[in-house]
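>
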Ligand code: ADP
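Numbering (the working numbering), first residue to last: 13 to 883.
Spelled out as structure tokens, the structure:
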């Protein structure tokens, strides 16, 4: 403040006075040794708690309560020494509003001096700092209290000077880290104590805390290693960072709390919770008013509950209605009274409503401090698997009990403890009498087997199987059985627990075997006595059985006949044919029949006919053959004799017939010449009959040749159509009634026996004429198709039933048996023809409609080139 220099002294004095008067700072002026209060502004008066009446009085008179306080003395000294006195927060007790109160002042006593240096008064300024002091005192007090609290709570406090790197901490903190109280430590020392697993994380979070951008709060939980007591502790550190104007952290302070116990407790608790949560048994906790407040996972699953809101409901909802009542009436009262209850109950599936049988262990939960009950909990085991196992066991037991075999159980020493029904029946023993040593179960002479063989097998491999003779308890009769005894092991320890035996009564089997043997023997005798060998083959044609007859004939032992061994007995020339026929029939699954010669053990070679019938299994699959082989040699010999006879006879007939023919021709010519036409005509007829005779003899000869395999072929190249045409022309002369019509296509040259082919064509046309007496047309056609020369002879005669179509090609077969006289013949023509065609590599067939006519055809293969000639 400046004073206006234009103002008068008086004005100035007034201004000062007013300023002083109104100044908020207390000001007083005391004059003379007596310290007369000449001035005390409002603020001073207020401080003193006095009014203006004190002005003019001495200091002593104005403030008598200061008597005994240092202030008078100080004031006197200032006056005397001329040295100013300054005090800060000095305590002054003043009577204000009639009450002595304590104040704190910052005050000055300044001496006012005359020009000669002598003091004439003291000016006093004062600032009431009572409020400040008291607040500070209170703060200090509360700090003290906090410290006390901190100390008693075991909280460590720390204060890091980031600039210097030093740490100030309390004893608790030092103790936690394992330092001595008051020991000097640095940040590095402390950092070394952080657990290696946490070190990196802590460094990172400290870096974040001292970054001014992050607000300066620090909160972390980590492990420290106390080197002194070698323990690891969990600590929770909370702190604050302080930054200067440059954003540099100069101070970092906070607290450290040992939470090892909490963490351990929490871990224990978590383990416990996990245990409960993951228990396979249902665990639930209920309040005293029977509301579920917790249900573990197994509970959710067992009861089919998806959501907690469905689980947290009255406990009675969890049970089947009847059991809910039981819980209410019996279980809960028991729990509340005795602290626990256990028993079987049925839970109710939340979704399906089905009962879930459980064994329940329920107990009361008491408050550990007050001891008062606060809830109930229960652990329930699902009984279904057990029940099922029990059922399975029962089923198994009933299976064993109902088994038709003997089943027994005994201990390791062989003391029997169980024999099933079938076993008891077999041995004639009643249920109460079974408890004996197993040696009582066998015939006396079998006890050695039991002791040595069986026991050692059990010791070695845990199992014995074999035949042994049991003994009937009542009759003492021997009961042969096939038995198996094995060790039974404990499912858990794996140690042998006992022995189980199962035995099959062999009496029936042995009897059956004997019967079978007897009947086999009988069969053998029967089949062995038969003139027919019997055989069986599998589906591949491999012989699996031959009876004794075969062995009797051939001397080939049974084993050697198996497979295709039997074919070794067939004579070389027939072997291939017989084998091939068998394979052919087998692959077609059809009836097999073939004739062949076999070598007998006495060296004779005899014809037999083998026949087999295909067999099928129940499912329809082919099983092989059952067949026979019959000796037909006697028959065959007759046939051969007949053939021989025919051969000789026809040969012997041929010579005289040829002579007759020659004489007839000569006679005919002579008679014609003599004009004896009538006689000549008779001779001509005789010649025709001789021709027929010649043909018949020729046929018979051919048949004997065919049958004895001596039919000769004379092959040449000739024009097929031309050859057919020649036969047609010849035969046209023999008939006036029928017109032979040629219907030829282009054919070409063929390599064959021209005469034999002509013979076939002649036979077909002759038949056509013979068997169509009431028609006048016969069509002969040829063609070359599919590499075959074909000739067909069509007539419009009597025809033949198609079911006879194949038979007409057989020896001596005649359809029109009863019309023998209408259509004379031996039934050889078609047989000879078809044999000729067959041997030329061709085939022959007929199409016919009875009463309408027949078409007989044959086809011969084309020989591709003249070089391709069969020898
Ligand atoms: P055969 O004529 O001497 O009896 P085949 O061997 O020539 O002897 O004929 C056998 C049988 O075939 C004859 O008995 C006859 O019943 C029948 N047959 C042959 N050709 C014909 C035909 N063209 N029409 C009707 N039946 C025929």
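Glycine is no exception: its CB is placed at the ideal position from the N, C-alpha and C atoms.
Beta carbon of residue 402, beta carbon of residue 371: below 7 angstroms?
No; because the gap between Cβ atoms is not below 7 angstroms, this pair is not in contact.
> Of the residues 626, 314, 410, which one's Cα is nearest the Cα of residue 369?
Comparing Cα positions, the closest option is 314.
> Starting from residue 639, trace the beta strand (DSSP E) in both directions and tell me its first and last residue.
Its beta strand (DSSP E) spans residues 634 to 643.
> Does DSSP put residue 590 in a helix, a strand or coil?
In this structure, residue 590 counts as helix in the three-state DSSP scheme.
> Give a yes or no on contact between the segment 751 to 765 and the segment 814 to 822, applying the rule of three or more CB pairs nearer than 8 angstroms.
Touching, no.
> Any heavy atom of ligand 1 inside 6 angstroms of the beta-carbon of residue 807?
Yes, ligand 1 has a heavy atom inside 6 angstroms of this Cβ.
> Just to confirm, does residue 838 get its C-beta within under 6 angstroms of one of the non-hydrogen atoms of ligand 1?
The answer is yes for residue 838.
> Would you tell me roughly how many angstroms separate the C-alpha atoms of residue 790 and residue 580, rounded to the nearest one?
Cα to Cα, the separation comes out at about 53 angstroms.
> So, under 8 angstroms CB-CB, residue 8 and residue 555 are touching, yes? Tell me the CB distance rounded to an integer number of Å.
Residue 8 is absent from the structure shown; the chain starts at 13 and stops at 883.
> To the nearest angstrom, how far is the alpha carbon of residue 200 from that of residue 226?
Roughly 24 angstroms separates the two Cα atoms.
> Are the CB atoms of residue 90 and residue 119 within a distance shorter than 7 angstroms?
Cβ atoms of residue 119 and residue 90: not closer than 7 angstroms.
> Is residue 783 a contact residue of ligand 1, with contact defined as CB to any heavy atom under 6 angstroms?
Flag set: Cβ of residue 783 near ligand 1.
> Please name the residue in 96, 60, 106 whose C-alpha comes closest to that of residue 81.
Among 96, 60, 106, the Cα nearest to that of residue 81 belongs to 106.
> Going residue by residue through the segment 396 to 470, where are the continuous alpha helix (DSSP H) segments of at least 4 residues, counting only ones entirely within it?
With a minimum length of 4 residues, the continuous alpha helix (DSSP H) runs that stay inside the segment 396 to 470 are 396 to 414, 433 to 439.
> Along the chain, where does the beta strand (DSSP E) that runs through residue 611 open and close?
604 to 611 is the span of the beta strand (DSSP E), which, as asked, contains residue 611.
> Have a look at residue 427 and residue 498 and give me their C-alpha separation to the nearest angstrom.
Taking the straight line joining both Cα atoms gives about 14 angstroms.
> Give the C-beta separation of residue 294 and residue 245 to the nearest angstrom, bearing in mind that I take them to be a contact with Cβ-Cβ under 8 angstroms.
Not quite, the Cβ-Cβ distance comes to about 39 angstroms (not below 8 angstroms), so this is no contact.
> Measuring only the C-alpha atoms, how far is residue 196 from residue 319?
Each residue's alpha carbon lies about 59 angstroms from the other.
> Just curious, the beta strand (DSSP E) that residue 352 is in, first and last residue?
Unbroken beta strand (DSSP E) run through residue 352: 352 to 360.
> How about residue 735 and residue 766: do their beta carbons lie closer than 7 angstroms?
Their beta carbons are under 7 angstroms apart, which means residue 735 touches residue 766 by this criterion.
> Report back the beta-carbon spacing between residue 358 and residue 331 to the nearest angstrom; my notes put them in contact at under 8 angstroms.
Right, their Cβ atoms sit about 7 angstroms apart.
> Indicate whether residue 705 and residue 678 have their beta-carbon atoms separated by less than 7 angstroms.
Taking 7 angstroms as the Cβ cut-off, residue 705 and residue 678 do not qualify as a contacting pair.
> Residue 430 to residue 354, Cα distance in whole Å?
The alpha-carbon atoms of residue 430 and residue 354 are separated by roughly 35 angstroms.
> At a cut-off of 6 angstroms, would you count residue 589 as near ligand 3, judging by its Cβ distance to the nearest heavy atom?
This structure simply doesn't include ligand 3; it includes ligand 1 instead.
> Counting only C-beta atoms, is residue 309 closer than 7 angstroms to chain D at any point?
Among the chains of the structure shown, chain D does not appear; only one protein chain is present.
> Extract the residue ranges of the beta strand (DSSP E) inside the segment 615 to 690, only unbroken runs of 3 or more that lie entirely within it.
Qualifying beta strand (DSSP E) stretches, in chain order: 617 to 628, 634 to 643.
> Is the beta carbon of residue 582 within less than 6 angstroms of some heavy atom of ligand 1?
It does not: the Cβ of residue 582 is nowhere closer than 6 angstroms to a heavy atom of ligand 1.
> Which stretch, first to last residue, makes up the beta strand (DSSP E) that contains residue 866?
Here the beta strand (DSSP E) through residue 866 covers 865 to 873.
> Got a sec, what are the start and stop residues for the beta strand (DSSP E) residue 510 sits in?
508 to 517 is the span of the beta strand (DSSP E), which, as asked, contains residue 510.
> Quick check for students: name the residue ranges of the beta strand (DSSP E) that lie wholly in the segment 781 to 853, counting only runs of 3 or more.
Listed in chain order, they are 789 to 797, 800 to 806.
> The alpha helix (DSSP H) that contains residue 578, what's its start and end?
No alpha helix (DSSP H) holds residue 578; DSSP gives it neither H nor E.
> Are there any heavy atoms of ligand 1 lying less than 6 angstroms away from the beta-carbon of residue 780, as far as the coordinates show?
Residue 780 Cβ: within cutoff of ligand 1.
> Within the continuous beta strand (DSSP E) that includes residue 82, where are the two ends?
Not the beta strand (DSSP E): residue 82 falls in the alpha helix (DSSP H), residues 82 to 93.
> Over what stretch of residues does the alpha helix (DSSP H) that includes residue 107 continue unbroken?
Where residue 107 is concerned, there is no enclosing alpha helix (DSSP H), although the beta strand (DSSP E) it sits in stretches over 97 to 108.
> Along the beta strand (DSSP E) that carries residue 331, what are the first and last residues, could you check?
From DSSP, residue 331 is part of no beta strand (DSSP E); its letter is neither H nor E.
> Can you tell me whether residue 44 is buried or exposed, with buried defined as 16 or more other CB within 10 angstroms of its CB?
Answer is exposed; the Cβ neighbour count stays below 16.
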